[in-house]
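Quick note on numbering: the UniProt record's numbering labels position 116 of the sequence shown as 116, and the sequence is numbered without any gaps. For reference, the structure discussed in these notes is given below.
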Amino acid sequence: MASLLLLLLPLFSVLILATTITESEAFSRAVKAPYPVHKPEKLTHLHFYFHDIISGNKPTAVAVARGPTTNSSATSFGLVGVADDPLTVGPEITSGEVGRAQGVYASADQKNTGLLMVFNLVFTKGEFSGSTLAMYGRNQVLSKVREMPIIGGTGTFRFGRGYAQAKSFSYNMTSGDAVVEYDVYVWH
Ligand SMILES: *[C@@H]1O[C@H](CO)[C@@H](O)[C@H](O)[C@H]1NC(C)=O
Ligand SMILES: *[C@@H]1O[C@H](CO)[C@@H](O)[C@H](O)[C@H]1NC(C)=O
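Put into structure tokens, the structure is as follows:
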């Protein structure tokens, strides 16, 4: 019996190889998710307000670099900023913080105001506390609705993918501070 099994073993392994290695010749393969959380099967909608505070002595967004032509550019082309902006449940800054938007934005469009956004949305409250989403995309700030891809995530948002839509909620012409409403849809 044992010798028969030994004899058949190479045949089994060939069969197993044939079923796991596809036409792509082991360059890629589908794997079973090791944990249920790794199955991107849940769609989550997040809704919050993003506070970009540039005024006062405790700004949450600061300019860190300018190009030689940035000041004379209508679109501030070349301006680079870093932000650690609070995210709140409601439009008021006092409405309860749910996370921070930490990242870099750069004015990257010479014709129409357009920012390159490279941000981590860092959640600090509720079931998503400790989880992050990676948002990367183009933000044409003067448009009514701006859409940016969600390209990944950590924690609860592992394998996250989706999109964020940003809408200006209020802008203070005197201080330059802005409140932006965000709707984020993510599969994870
Ligand atoms: C551009 O403007 C900023 C802020 O007003 C100022 O600090 C900087 O010196 C200016 N740069 C140039 C090259 O004029
Ligand atoms: C706009 O900003 C100015 C200067 O910081 C402040 O005095 C004013 O109260 C702000 N307006 C609103 C509506 O928040």
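For each residue, glycine too, the CB sits at the ideal point set by N, CA and C.
query, result
"Rounded distance between the beta-carbons of K125 and V98, thought under 8 Å", "5 Å"
"Nearest-angstrom Cβ-Cβ length linking T88 and H51, presumed shorter than 8 Å", "7 Å"
"Simplified DSSP state of S168, which is helix, strand or coil", "strand"
"Start-to-end residues for the beta strand (DSSP E) that takes in I151", "R146 to T154"
"Integer-rounded CB distance, given that V118 should sit under 8 Å from I150", "At roughly 13 Å, the Cβ-Cβ gap does not stay under 8 Å, so I150 and V118 are not in contact."
"DSSP three-state assignment for T94, whether helix, strand or coil", "helix"
"Residues bridged to N139 (per DSSP)", "L115"
"Contact set for N155: own chain, Cβ-Cβ below 8 Å, skip 5 residues either direction", "Note on identity: in this sequence residue 155 is Gly, with Asn being the wrong assignment. Closer than 8 Å at the Cβ level, and outside the excluded window around G155, lie F128, G130, S131 and T132."
"CB contact flag (R146, G114, <7 Å)", "no"
"Counted within 10 angstroms of its Cβ, other Cβ atoms place G56 as buried (16 or more) or exposed", "exposed"
"Heavy atom of ligand 2 within 6 Å of S73 beta-carbon", "no"
"Nearest-angstrom Cα separation, counted from A106 out to V82", "9 Å"
"Burial state of Y171, where buried means 16 or more other Cβ atoms lie within 10 Å", "exposed"
"Residues near L142 by beta carbon distance below 7 Å, same chain, minus five either side", "T113"
"Simplified DSSP state of Y185, which is helix, strand or coil", "strand"
"Burial state of G43, where buried means 16 or more other Cβ atoms lie within 10 Å", "The amino acid at residue 43 is misidentified as Gly; the sequence shows Leu. Classification for L43: exposed."
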